[in-house]
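In terms of our numbering, the sequence shown is numbered consecutively and its last residue is 103.
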Amino acid sequence: KTPLPRKEAVKGGKTFKVVSWNLTSLRSMVDKTPEKLQSLVKKENPDLIVVQETKLSAGDEESYQAKLKTLLPDYASHFSTSTAKKSYAGSLALIKGGPEVG
2 KTPLPRKEAV
12 KGGKTFKVVS
22 WNLTSLRSMV
32 DKTPEKLQSL
42 VKKENPDLIV
52 VQETKLSAGD
62 EESYQAKLKT
72 LLPDYASHFS
82 TSTAKKSYAG
92 SLALIKGGPE
102 VG
């Protein structure tokens, strides 16, 4: 797809960049092609990355939080996983410079 045109930030103004990414599986991307996420961060330098369709279980959160911290040390990760269905839907917020929530 052709990306939407971007407006330049006002000189001297503050910006907050958000990237939203709908994955089919965070597990697959982090384990098989982690360079995609690192490349996105290098190119876009977002303040917030929101990922949909992580498809992780609640028990996976801790290990993927550690993996993401290794891949993106400047970002704190916050998960929302389904408790009704195993590995169903789920979302993730990666916040630049944000605190980890235990």
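Using N, Cα and C, we set each Cβ at its ideal position, and we do this for glycine too.
Integer Cβ distance of Lys56 from Ser88, believed to fall under 8 Å | Confirmed, about 5 Å.
Three or more C-beta pairs closer than 8 Å, one from the stretch 8-23 and one from the stretch 48-63: is that the case here?
-> yes
Tell me whether Ala59 sits in a helix, a strand or coil according to DSSP, three-state version.
-> helix
Going by alpha carbons, who is nearest to Ala59 out of Ala10, Ser92, Thr34, Thr82?
-> Thr82
Own chain residues within Cβ distance below 6 Å of Ala10, not counting five before or after = Thr16
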